[in-house]
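Q: Got a structure here, written out as structure tokens. Questions coming.
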Amino acid sequence: MKKTTRKNIELGILFGLVCAIALSFSRFEMRCDELRQGVLRLHIIANSDNEADQSLKLAVRDSILKNSTDIFKNCNNVDDAITTAKSSIEKINDIANKVILQNGFEYSAKVSVEDRYFETREYDNFTLPAGTYKSLVINLGEAKGKNWWCVVFPCVCVPSASDASLSDSVSIEATTVAENAPKYKIKFKTVEIYEELRKIFSKK
Numbered sequence: 213m214k215k216t217t218r219k220n221i222e223l224g225i226l227f228g229l230v231c232a233i234a235l236s237f238s239r240f241e242m243r244c245d246e247l248r249q250g251v252l253r254l255h256i257i258a259n260s261d262n263e264a265d266q267s268l269k270l271a272v273r274d275s276i277l278k279n280s281t282d283i284f285k286n287c288n289n290v291d292d293a294i295t296t297a298k299s300s301i302e303k304i305n306d307i308a309n310k311v312i313l314q315n316g317f318e319y320s321a322k323v324s325v326e327d328r329y330f331e332t333r334e335y336d337n338f339t340l341p342a343g344t345y346k347s348l349v350i351n352l353g354e355a356k357g358k359n360w361w362c363v364v365f366p367c368v369c370v371p372s373a374s375d376a377s378l379s380d381s382v383s384i385e386a387t388t389v390a391e392n393a394p395k396y397k398i399k400f401k402t403v404e405i406y407e408e409l410r411k412i413f414s415k416k
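Under this note's numbering, the first residue of the sequence shown is numbered 213, with each subsequent residue one higher.
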């Protein structure tokens with residue numbers, strides 16, 4: 213009888229521990245999802261990996277970031293930013309193609325706003341968890357080269373908008389998660405594995 217009671221206690225403790233871990237992960241995933249839903253990412257894919265195409269990618273990046281402050285200046289939230297990005301596709305395309313032409317390349321850019329999957333990404337002052345994000349995508353030529361990405365809203369990647377913060381778009385709790393990545397390193401990895409599995413099973 214004593215052995216049965218002890219076993220039941222141990223099972224109860226184990227069950228409680230599993231529930232606590234699951235609840236903790238669930239709360240963390242909620243913050244991660246808030247981050248995914250609260251930003252508009254910028255994704256630029258080079259024509260190829262050769263040096264000239266990669267240099268052009270960075271030139272296009274610089275021009276897009278230089279103009280992004282004006283493009284998104286009246287946006288108060290991520291929904292405004294997404295709507296503005298969609299209505300500005302032609303303008304952004306013209307900016308990219310002007311840089312391409314000035315540098316003597318014959319291919320062109322193709323701009324779109326779409327959902328894109330990203331792995332966990334560390335920036336200078338924050339980390340974004342793995343998952344699917346709404347993204348402003350700029351494909352250069354055949355778009356088979358290494359890519360560059362950042363966040364265009366809030367404008368945390370734009371030097372002239374250095375006072376911008378993730379807290380402009382998401383809660384303090386979600387911002388804390390993004391800005392204290394070392395503290396949540398294991399949880400970020402768990403989220404990445406979870407999102408990778410979701411991506412795999414969603415294709416079946």
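Just so you know, even glycine gets a beta-carbon here, dropped at the ideal spot from N, CA and C.
Helix, strand or coil for residue 262? Go by DSSP, reduced to three states.
A: coil
Q: Can you list, in chain order, the residues of its chain whose CB lies under 7 Å from that of residue 390, leaving out five sequence neighbours each side?
A: 247, 338, 339, 340, 378
Q: For residue 304, which residues from the same chain have a beta carbon less than 6 Å from its beta carbon, with the 5 sequence-adjacent residues on both sides left out?
A: 323
Q: Are the segment 282-290 and the segment 240-255 in contact at 8 Å, needing three or more beta carbon pairs?
A: In short, these stretches touch, since the Cβ pair count reaches three.
Q: Measure how close the beta-carbons of residue 356 and residue 266 come, nearest whole angstrom, since I'm counting them as under 8 Å.
A: Not really, about 12 Å apart at Cβ, beyond 8 Å.
Q: State yes or no: is the beta carbon of residue 273 nearer than 9 Å to at least one beta carbon in chain B?
A: Among the protein chains of the structure shown there is no chain B, as only one such chain exists.
Q: When burial is assigned at 16 or more other CB atoms within 10 Å of the CB, is residue 392 buried or exposed?
A: exposed
Q: By a C-beta neighbour count over all protein chains shown, 10 Å radius and 16 as the cutoff for buried, is residue 299 buried or exposed?
A: Residue 299 is exposed by the Cβ-count criterion.
Q: Using DSSP with H/G/I as helix, E/B as strand and the rest coil, what is residue 279?
A: helix
Q: Are the Cβ atoms of residue 301 and residue 272 separated by less than 9 Å?
A: no
Q: With DSSP run on the structure shown, which of helix, strand or coil describes residue 389?
A: helix
Q: So what's residue 321 in DSSP terms, helix, strand or just coil?
A: In the three-state DSSP reduction, residue 321 falls in the strand class (E or B).
Q: Assuming residue 381 contacts residue 366 (C-beta within less than 8 Å), just tell me the rounded distance between them.
A: 5 Å
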